[in-house]
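Just so you know, my numbering puts 121 at position 121 of the sequence shown, and the rest follows in order with no gaps. Report on the structure given below.
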Amino acid sequence: MKNLNIILIILIFVAGGVGFFGGIKYQESKQSNFLRQFRNGQQNGNNNRATNRNNFRPIGGEITAVDDKSITVKLPDGSSKIVLVPESASINKAAAATKDELKSGTTVMVVGQENSDGSVTAQNIQLNPGNIRIFNNLRPTNTQ
């Protein structure tokens with residue numbers, strides 16, 4: 001009976017460990033589309049902005065204004081960026097969200113196409129991202 005209890009305890013620990021690490025691997029495979037898009041970007045030497053070959057630019061900060069077709073995002077450096085929000089843009093939190101959830105004061109991370117006028121057309125908007133410190137390196141540099 002004593003050997004059976006020891007075997008049962010060992011099996012419980014093994015099953016718990018397998019379940020834990022299996023859950024971690026499962027979560028890694030279910031990363032949000034936003035994170036994949038951001039990681040596919042590359043660092044552009046021009047103004048130290050992160051963009052990729054399709055001119056996608058991540059934008060992170062706090063929403064300061066909202067209208068039917070755009071949001072204004074205050075960046076960590078204090079500047080602002082207008083983000084156009086087409087119907088095709090995906091808007092996510094932990095699950096899918098809607099345009100109605102874009103409110104002033106909400107922290108967002110945006111990936112989209114940078115336009116010639118400096119605005120960005122959103123492809124993906126992540127509401128309340130857990131950690132946006134990655135945007136600290138996006139501050140414009142002074143070139144004098």
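Where is the CB? At the ideal position from N, CA and C, for every residue including glycine. No experiment lies behind these values; they were computed from the predicted model shown.
Here's a check: name, in chain order, each residue in its chain whose Cβ is nearer than 8 Å to the Cβ of residue i, leaving out the five neighbours to either side.
{"i": "THR106", "result": "GLU62, ILE63, LEU127 and ASN128"}
Under a Cβ-count criterion, where at least 16 other Cβ atoms within 10 Å of its own Cβ denotes burial, should residue i be classed as buried or exposed?
{"i": "GLY45", "result": "Caution applies to GLY45, whose pLDDT of 36 falls short of 50 and renders its modelled position unreliable; the model cannot decide the point."}
{"i": "VAL83", "result": "buried"}
{"i": "LEU102", "result": "buried"}
{"i": "PRO58", "result": "buried"}
DSSP state of residue i, grouped into three classes?
{"i": "VAL108", "result": "strand"}
{"i": "GLY122", "result": "One detail in the question is off: residue 122 reads as Ala in this sequence, not Gly. Correct three-state label for ALA122: strand."}
{"i": "GLY78", "result": "coil"}
{"i": "GLU87", "result": "coil"}
{"i": "LEU11", "result": "helix"}
{"i": "ASN3", "result": "helix"}
To which residues of the same chain is residue i closer than 6 Å at the C-beta, ignoring the five residues directly before and after it?
{"i": "GLY112", "result": "VAL120, THR121, ALA122 and GLN123"}
{"i": "LYS74", "result": "GLY61, GLU62, THR64 and SER80"}
Just to confirm my understanding: we take residue i, look at its own chain, exclude 5 residues before and 5 after, and list those with CB closer than 7 Å. What are they?
{"i": "THR98", "result": "ILE91"}
{"i": "ALA89", "result": "ALA122, GLN123, ASN124 and ILE125"}
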